[in-house]
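This report concerns only the one structure given below.
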Amino acid sequence: MFFSNEEIYTAFYINDINNFEDPDKDLIYKNNSLIKLWVKELYWAALEDTREKSEEEKIATLLNKKYVFLTLKKLSKGPIALDGLREWYNDTFPKLNFKELIDTLESKQFIFVNQIGIVEKYVLLLKEVNAERIPPDSVIEYIDENPELIELELIELFLPKVQEYFSIYENKSKEELEEDTYALFQIVSDPKKYNLLSELRSGLISKDKLPKLISKRALDHLNSSLSFLKKHDVIEELKYKNERYIFLKLIFK
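With the UniProt record's numbering applied, the sequence shown covers 1 to 253.
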C-alpha cells in the first residue's frame with residue numbers, strides 16, 4: 001500500500017497543515033488517514049499474533065497445511081517405514097523438505113520414530129487428529145435451559161435447518177468427508193473466523209449484538225466471515241419478528 005505511494009511522507013505534515021494550499025492539504029489528509037489505518041491494522045495484527053491460542057487453534061494451524069494433513073492421514077492407516085514415507089512424501093511434495101516435516105511432527109508429539117533392529121525405522125502416529133461436524137449440542141442445550149428466552153416459533157425454524165443439513169452430511173462419500181475435514185481445519189486456524197465461532201458456540205445470537213461480542217480485528221472482517229461460514233454450511237441466519245439471528249448448524253469435534 002505504501003511502497004507504491006511516493007507521496008506517503010506528506011502524512012507527517014499534518015501538524016503544519018495550515019501552511020499548505022488546499023490541494024496539498026487534501027493530499028496530506030488523505031495520506032495521514034492511510035498511515036492511521038495502517039498503524040491500527042498493525043496493532044490488531046500484533047495483538048492477534050501474541051495472543052495465547054487454544055490447543056484447538058494450534059492443531060488446526062498445523063493441519064491446515066496440506067502436506068501435514070495428508071501425511072497424518074497416511075499414518076492413520078498404521079505404522080510406515082521411514083524410508084517408505086520419505087519416498088511417498090518426496091514424490092507427492094517434491095519441493096518440500098521431509099526432514100523438516102518429521103522434526104516438526106516429532107516436536108509437536110504427533111509422531112514417534114521407532115527403530116526396529118539395527119537399520120529399520122518406522123513412523124508411528126501418536127495423535128490421531130480429526131475434525132468432523134456434529135449437531136450443535138450447546139445451542140440445543142441453550143434452548144432447553146432458557147425456554148423463556150427462545151420462542152417456540154424460532155425453535156421450529158432452527159431445528160429443521162440442522163436436521164436437514166445432517167441428513168445430507170451423513171451421506172457424504174469418504175473423499176467428500178476428507179475434503180470437508182481439511183476445510184474445517186482451515187476455518188478454525190483463521191483467528192477472525194475462530195473468534196466468531198467461539199461466540200456462537202454459546203447459543204443463538206442476534207446479528208445486531210454480534211459486533212459487540214467479537215474482537216476489533218474480527219469485526220473489521222465480520223461480513224466476509226459470515227458469508228464464508230454460510231457458504232461452507234457452518235452457520236445459518238434466520239429472520240424472526242424483524243430480527244436476524246445467527247446460529248451454528250454444527251460444532252467441530
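All C-beta atoms, glycine included, are put in the ideal place defined by N, C-alpha and C. Bear in mind the structure is a predicted one, so any value in this text is a computation, not a measurement.
#1: What is the rounded straight-line gap between the Cα of residue 263 and the Cα of N90?
#2: Roughly how many angstroms lie between the CA atoms of A11 and H221, to the nearest whole one?
#3: Below 8 Å on the Cβ atoms is my contact criterion, and I expect R244 with K212 to pass it. Report the Cβ-Cβ distance as a whole number of Å.
#4: So if DSSP puts I251 in a beta bridge, which residue, or which two residues, is it bridged to?
#5: Going by the beta-carbon positions, is the gap between V129 and L197 smaller than 8 Å?
#6: Do you know whose CA, among L34, N15, K25 and D26, lies nearest I8's CA?
#7: Assuming contact is defined by CB atoms lying nearer than 8 Å, are L85 and V123 in contact in what I supplied?
#8: Spell out the partners DSSP gives I111 in its beta bridges.
#9: Where in the segment 18-87 do unbroken runs of the alpha helix (DSSP H), each at least 4 residues long, occur, reported from the N-terminal end onward?
#10: Does the pairing of the segment 185-204 with the segment 168-177 give three or more beta-carbon distances under 8 Å?
#11: What do you get for N31, buried or exposed, if any count of 16 or more other CB atoms within 10 angstroms of its CB means buried?
#12: Under three-state DSSP, which class holds E106?
#13: Can you list, in chain order, the residues of its chain whose CB lies under 7 Å from that of P135, leaving out five sequence neighbours each side?
#14: How about V113 and L82: do their beta carbons lie closer than 8 Å?
#15: Should E236 go down as buried or exposed, given a rule of 16 or more other Cβ atoms within 10 Å for buried?
#16: Figure out for me which residue from K66, I205 and E164 has the closest Cα to the Cα of T92.
#17: May I ask which residues mark the beginning and end of the beta strand (DSSP E) holding Y240?
#18: With DSSP as the reference, label I214 as helix, strand or coil.
#19: Taking L200 and F247 to be in contact with their CB atoms under 8 Å, please state how far apart those CB atoms are, rounded to whole angstroms.
#20: Per DSSP, which one or two residues make a beta bridge with S206?
#21: State buried or exposed for S202, treating a residue as buried only when at least 16 other CB atoms are found within 10 Å of its CB.
#22: Leaving out the 5 sequence neighbours to the left and right, which residues in its chain are closer than 8 Å to residue 339 when beta-carbon positions are compared?
#23: Rounded to the nearest angstrom, what separates I168 and L37 at their Cα positions?
The structure says:
#1: The structure shown does not extend to residue 263, since the chain is modelled only from 1 through 253, so no value can be given for it.
#2: Position 11 of the sequence shown holds residue 11. Position 221 of the sequence shown holds residue 221. Near 26 Å, if we compare the C-alpha coordinates of H221 and A11.
#3: Here residue 244 corresponds to residue number 244 of the sequence shown, with the count starting at 1. Here residue 212 corresponds to residue number 212 of the sequence shown, with the count starting at 1. 15 Å between Cβ atoms; not a contact.
#4: Along the sequence shown, one-based indexing puts residue 251 at 251. BP columns for I251 point to I134.
#5: Along the sequence shown, read from residue 1 onward, the residue named residue 129 stands at position 129. Along the sequence shown, read from residue 1 onward, the residue named residue 197 stands at position 197. Not in contact: V129 and L197 (Cβ atoms no closer than 8 Å).
#6: Indexing the sequence shown from 1 puts residue 8 at position 8. With distances taken between Cα atoms, I8 lies closest to L34.
#7: By 1-based counting over the sequence shown, the position of residue 85 is 85. By 1-based counting over the sequence shown, the position of residue 123 is 123. Cβ distance < 8 Å, so L85 and V123 count as in contact.
#8: Residue numbering aside, residue 111 sits at position 111 when the sequence shown is read from its first letter. Paired residues: L125.
#9: 22-50, 55-63 and 66-75
#10: In short, these stretches do not touch, since the Cβ pair count stays below three.
#11: Taking the sequence shown and counting its residues from 1, the one referred to as residue 31 is at position 31. Flag for N31 reads buried.
#12: Counted from its first residue, the sequence shown places residue 106 at position 106. Here E106 sits in helix by DSSP.
#13: Numbered from 1 along the sequence shown, position 135 holds the residue referred to as residue 135. Once the five neighbours on either side are set aside, the close Cβ partners of P135 are V162, F166 and L250.
#14: Taking the first residue of the sequence shown as 1, we reach residue 113 at position 113. Taking the first residue of the sequence shown as 1, we reach residue 82 at position 82. Yes.
#15: Working through the sequence shown from its first residue, we reach residue 236 at position 236. It counts as buried.
#16: Within the sequence shown, numbered from 1, the residue matching residue 92 stands at position 92. Shortest Cα-Cα distance from T92 to any of K66, I205 and E164 involves K66.
#17: For this step, residue 240 is matched to residue 240 along the sequence shown. I235 to Y240 is the span of the beta strand (DSSP E), which, as asked, contains Y240.
#18: Here residue 214 corresponds to residue number 214 of the sequence shown, with the count starting at 1. Reduced to three states, the DSSP call for I214 is coil.
#19: Counted from its first residue, the sequence shown places residue 200 at position 200. Counted from its first residue, the sequence shown places residue 247 at position 247. Contact holds; Cβ gap of about 7 Å.
#20: What you label residue 206 is simply residue 206 of the sequence shown in a count that begins at 1. Its beta-bridge partners are Y245.
#21: By one-based count along the sequence shown, residue 202 stands at place 202. S202 is exposed by the Cβ-count criterion.
#22: In the structure as shown, the chain begins at 1 and stops at 253. Residue 339 is therefore absent and cannot be evaluated.
#23: Your numbering for residue 168 matches position 168 in the sequence shown. Your numbering for residue 37 matches position 37 in the sequence shown. Distance between the alpha carbons of I168 and L37 is about 44 Å.
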